[in-house]
Amino acid sequence: MKRLIFLGPPGAGKGTQAKILAEFLQIPHISTGDILRHAIQEKTDLGIQAQAYMDKGELVPDKLVEDMVEERLKKSDAKSGWILDGFPRKVTQAEFLAKLLENLGQGGEKVVNLDAPDETVVSRLLGRGRKDDTKEVIRRRLEVYRDDTAPLINYYSQREKLLTVNGNQSQEEVFTALQNIIAT
Ligand code: ADP
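Just add 608 to the spot in the sequence shown (first one is 1) and you have our numbering.
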C-alpha cells in the first residue's frame with residue numbers, strides 16, 4: 609500500500625517519520641507545511657498570502673492548500689504513490705481530497721494516525737525552535753488541531769481507512785511500528 613496520509617497533532621513526529629518512510633518506500637513525501645514554508649522563503653504569491661496565517665498558528669485558507677496539493681499529485685512522480693503530511697487538516701479538505709483521488713484514479717489510501725499526548729508534543733515543539741514554535745502559537749496550533757483536525761480521526765475510521773501508531777515512543781520504535789502496520 610503506497611498511498612498514505614499522516615495525521616496527528618503538531619509535534620507528534622509526523623514530519624520526521626513521513627520523510628523516513630517515504631525514502632524507505634521510494635515515494636514522494638508531500639508536506640504542505642514544507643511547501644508553504646518554501647513559498648514564504650521564495651516570496652511567491654502563495655507564500656505572501658499564507659504567511660500571516662502560519663505565523664499565528666491558523667490554518668491557511670482551503671483553496672490555497674487544495675490547489676497546491678492538486679498540482680503536486682498531478683506530477684508524474686506521484687503516480688507510484690506518496691505520503692501526504694499535513695493534508696488534509698479539516699473535513700472540507702478531506703472531502704476535496706476524496707474527490708481529487710477519485711478523479712486521478714489514485715484510490716486505496718490509508719491514514720496513519722500518529723498519536724501523542726499534549727505534554728510530549730509541547731515539549732518537542734518548544735525544543736525545535738521554528739518561527740511558529742513559540743508558546744502562544746503552539747497553544748493556538750493545538751487548539752486548531754483539536755477543533756478542526758482531530759475530527760478526521762472519526763471521519764477516516766468510519767471509512768475504514770484509519771491505522772493508529774503510538775507516537776509517544778522513540779523514533780526507531782515508531783518507525784518499526786509503521787513498517788509493521790503498512791505491511792499488513
Ligand atoms: P505542524 O504539524 O508541526 O504544526 P506543519 O508544517 O504541518 O506543522 O504546518 C505548519 C503550518 O502550515 C500550519 O500551522 C498551517 O498554518 C499551515 N498548513 C499546513 N498544512 C495546512 C493545511 N492542510 N491547511 C491549512 N493550513 C496548513
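Note that the Cβ used here is the ideal one computed from N, Cα and C, for glycine as well. Just so you know, these numbers come straight off a predicted model, no measurement behind them.
Discussion item. Taking 7 Å as the cut-off, is the C-beta of Pro-696 nearer than that to any heavy atom in ligand 1?
Written reply: yes
Practice prompt. May I ask you to check if the CB of Thr-640 is nearer than 7 Å to at least one heavy atom of ligand 1?
Written response: yes
Worksheet entry | Asp-726 Cβ short of 7 Å to ligand 1 heavy atom set | no
Worksheet entry | Where Asn-776 falls: helix, strand or coil (DSSP) | coil
Discussion item. Please report the distance separating the alpha-carbon of Phe-695 from that of Thr-640.
Written reply: 6 Å
Worksheet item: Which residue from Leu-692, Thr-728, Leu-654 puts its Cα closest to that of Lys-671?
Response: Looking from the CA of Lys-671, the closest CA among Leu-692, Thr-728, Leu-654 belongs to Leu-654.
Worksheet entry | From Thr-742, Asn-711, Leu-644, Arg-736, residue whose alpha carbon lies closest to that of Ile-656 | Leu-644
Item to complete: Name the two residues that bound the continuous beta strand (DSSP E) containing Arg-611.
Response: 611 to 615
Practice prompt. Identify, in the order they occur along the chain, each residue of the same chain with its Cβ nearer than 8 Å to the Cβ of Pro-725, setting aside the five sequence neighbours on each side.
Written response: The answer, listed in chain order, is Asn-776.
Worksheet item: In chain order, what residues of the same chain have a beta carbon less than 7 Å from the beta carbon of Pro-600, not counting five sequence neighbours either side?
Response: Nothing can be reported for residue 600: it is not among the residues displayed for the chain, which extend from 609 to 792.
Fill in: Arg-749 beta carbon near ligand 1 (any heavy atom closer than 7 Å)
yes
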